[in-house]
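S.K.: Before we start, here is the structure in question, set down as structure tokens.
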Amino acid sequence: MKHVVVDPVTRIEGHLRVEMQVDEASGKVTDSISSGTAWRGLELILHDRDPRDAWAYIQRICGVCTTAHALACVRAVEDALGIKIPKNGNYIRNIMAASLTVQDHIVHFYHLHALDWVSPVAALSANPEATANLQNAVLKTYKLPFSGPAGTVTEAFRKEVPRATPSYFKGIQDKVKAIVESGQLGIFSAQWWDHPDYNLLPPEVHLMAVAHYVEMLDKQRELVTPHVVFGGKNPHPHYVVGGMPCSISMDDGNSPINTARLDIVDRAVNLARTLVNEYYLPDLLAIGHIYVQKGMTDGGGLAKERVMAFGQFPLETTSTTQDGTFFKNLLIRSNGVVENFGQGVMKAKFTEITGDDLKNPEVFGEAVTHAWYEYEGKDGDAQPRHPWEGQTKAKYTGPKVGTPTDWKELNEKGKYSWLKTPLWHMKMCEVGPLAHYIIIYTKAKQGLLPDMTWAEKMMVDQIEAVSKVLGLAPEVWLPTMVGRTAARALDCQLNAEVEKFFFDKLIENIKSGDTQVASMDKWDPSTWPKRAVGVGLYEAPRGGLSHWITIENGKISNYQCVVPTTWNACPRDDKAGHGAYELAMMDTKVKIADKPLEIVKVIRSFDPCMACATHLFNEKGEKINVVTTDPYGGMHVDA
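Spelled out as structure tokens, the structure:
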């Protein structure tokens, strides 16, 4: 038995460390630990601040999923104060949210996850002419048919179709060859290119994907220009409680929103659609198809047992979330939990999440039994706390082996993470695009969505189209590492259509004469109640995000964020068991212990990222070597 440590696996809100016990004979992971190694604590900064300013502070949690926390925050404040935002404000927020998801997913796949699948070294042996032919075949085979919203065909824009010529791929290959032969791999360093998983794909697939990796380095920047137009900048665009801060005047050249600037947004929206349809989704499905054909259907873990989502994209605005109208008004009504999807879609159990559930401490809570926090009060750490009653008080106990600043082994029986453990009915849940899709598909097949929106129908069509391509039932391929990665690509395609849908609604509403973007009726604190609580929900690129606020006498008295990675990367619970990361690792086999590509691949399928350092120990806990992967210094081994 080997004790394997990957540290750090960097993620959007800090750094992640994972430990696991690997059976040397079978490669099976028999136990695992997921530890958040950075204390966020940003909630404490908000205490006693003006709730109208909270969005500007709280979105500094993360610059990768920029805008996500700001949107959840303003929704929480608006829920607490009963503020209904104008139509244009809602449409603009939805456009910005969808554009974030598209850009985030594309960057994740190509620049954070792709090199776990494809190798620039293997691309050197590819035939450029065969690669060009392959790309044409991939576009023909893996462009999925789907039914998007009506009336969004915009043929006037030039489509960014991948170049499929031998000379193009030869040029990319020569560039990569020069990097490899220089001995300084730069962006392609810090990887185990001789790992057998890279041999699953032919050289031409490697070259095609590496070429698109390079293409997306430039193109991804244009995808978030809606943030710049509507929010003033990216990252961290501006919001305002009550709507958006960008005034609309179609004829005023100095107005933040006019005809010229809306044209910029339109071009970004259409670029998103072509990049996902011509590059991202075909590339991902071509690679994933080969993996499932080779029997690589592991890494599902908790996804087989339980997934959760809050739903996404309010069609029209509502004043509160807690009364349940927010859920009823969604374009994608995935608010709920599906259990046992791995047993088959008709055997799965769906449970709706309602407005009353959000207020019920028996439904939602956070435990700290294995987290470096403590709860004050008579129950102490013994019972989870509802986020409105949550506390963020650190209690760092250090590792089981090592020093407080030099960890050797964490204490799985005690506290071992700076992440709390979110629970739904005292159970663990996986969140993310995979959960989003499993829930909608289950509801549709069980007759729980009699009047599907165009987006919900599109999601079902996508799943069935992929199932046809792979030759597998959804319950076989979806709750896997490949399925989790594929669901992100499907979600990207969906969000590209959502962008266009709400952009068209915005234009139509402006043409009707409505240019209001914000409601200031309750801007003055004198109009607020002495005490109010609110919750802001948002289906972020990594899954269900919730912000919970308590306002007293015009100031924030408590603030808690329960983020997607908290759900997925949380430490275990003595009653609920392991979280999503830990179970995914335990559902993964490792071929070579000192080159644990499978480990980082399954962890990154949730969308944490960056380089990692791996330490290995024998069954007695003695260090046998250290494998360090550094994105700047390359890979080296200390025996």
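When we follow full-length UniProt numbering, the leftmost residue of the sequence shown carries the number 1, and every step to the right adds one.
Ideal Cβ placement from N, Cα and C applies to all residues, glycine included.
Would you call the stretch 291 to 300 and the stretch 577 to 597 touching, i.e. three or more CB-CB distances under 8 angstroms?
M.R.: yes
S.K.: Is DSSP giving Q462 helix, strand or coil here?
M.R.: Of the three classes helix, strand and coil, the one that applies to Q462 here is helix, per DSSP.
S.K.: Would you list the residues sitting across from N558 in a DSSP beta bridge?
M.R.: T550
S.K.: Tell me which residue opens and which closes the beta strand (DSSP E) that D406 is part of.
M.R.: Element bounds for D406: D406 to E409.
S.K.: Helix, strand or coil for S255? Go by DSSP, reduced to three states.
M.R.: The DSSP-derived three-state label of S255 is coil.
S.K.: Could you check if E13 is buried or exposed, using at least 16 other CB atoms within 10 Å of its CB as the buried criterion?
M.R.: In this prediction, E13 scores a pLDDT of 45, lower than 50, which makes its location untrustworthy; the coordinate-derived value is nonetheless stated afterwards. Per the 10 Å Cβ criterion, buried.
S.K.: From what residue to what residue does the beta strand (DSSP E) around I332 run?
M.R.: L330 to I332
S.K.: Excluding the five sequence neighbours on either side, which residues of its own chain have a C-beta within less than 8 angstroms of the C-beta of P86, listed in chain order?
M.R.: Around P86: G243, T317, D514, Q516, V517, A518 and S519.
S.K.: Would Y632 be called buried (16 or more neighbouring beta carbons within 10 Å of its own) or exposed?
M.R.: Residue placement at Y632 is poorly supported in this model, since its pLDDT is 33, which falls under 50; the coordinates still yield a value, given next. It counts as exposed.
S.K.: Can you tell which of A56, D79, G534 and A164 has the C-alpha that lies nearest to the C-alpha of E204?
M.R.: A164
S.K.: Under a Cβ-count criterion, where at least 16 other Cβ atoms within 10 Å of its own Cβ denotes burial, should S125 be classed as buried or exposed?
M.R.: exposed
S.K.: Provide the residue span of the alpha helix (DSSP H) that contains R93, from first to last.
M.R.: K87 to V107
S.K.: Using the Cβ count rule (16 or more neighbours within 10 Å means buried), how would you classify T403?
M.R.: exposed
S.K.: Determine, using beta carbons only, whether G365 and N568 come nearer to each other than 8 angstroms.
M.R.: no
S.K.: Assuming contact is defined by CB atoms lying nearer than 8 angstroms, are G336 and E352 in contact in what I supplied?
M.R.: yes
S.K.: For the beta strand (DSSP E) containing Q312, list its first residue and its last residue.
M.R.: That run of the beta strand (DSSP E) goes Q312 to P314.
S.K.: Among D573, A286 and Y91, which has the Cα closest to the Cα of K415?
M.R.: D573
S.K.: Measuring only between beta-carbons, confirm whether P387 sits less than 8 angstroms from chain C.
M.R.: Judged by its chain identifiers, the structure shown contains no chain C, having just a single protein chain.
S.K.: If M20 sits next to S32, beta carbons under 8 angstroms apart, how far is it from one beta carbon to the other, in whole angstroms?
M.R.: 4 angstroms
S.K.: Decide if S147 is buried, meaning its Cβ has at least 16 other Cβ atoms within 10 Å, or exposed.
M.R.: exposed
S.K.: Pairing CB atoms from the stretch 227 to 243 with CB atoms from the stretch 166 to 186, are three or more of them under 8 angstroms?
M.R.: no
S.K.: Among I603, M458 and T131, which has the Cα closest to the Cα of E497?
M.R.: M458
S.K.: With a threshold of 8 angstroms, are at least 3 pairs of Cβ atoms found where one atom belongs to the stretch 276 to 288 and the other to the stretch 474 to 492?
M.R.: yes
S.K.: How about the stretch 381 to 388 and the stretch 467 to 480: do they share at least three Cβ pairs that are nearer than 8 angstroms?
M.R.: no
S.K.: Exposed or buried, what is Y373 when buried is set at 16 or more other beta-carbons lying within 10 Å of its beta-carbon?
M.R.: buried
S.K.: Among the candidates L139, N234, P422 and T131, whose CA atom is the shortest distance from the CA of T566?
M.R.: P422
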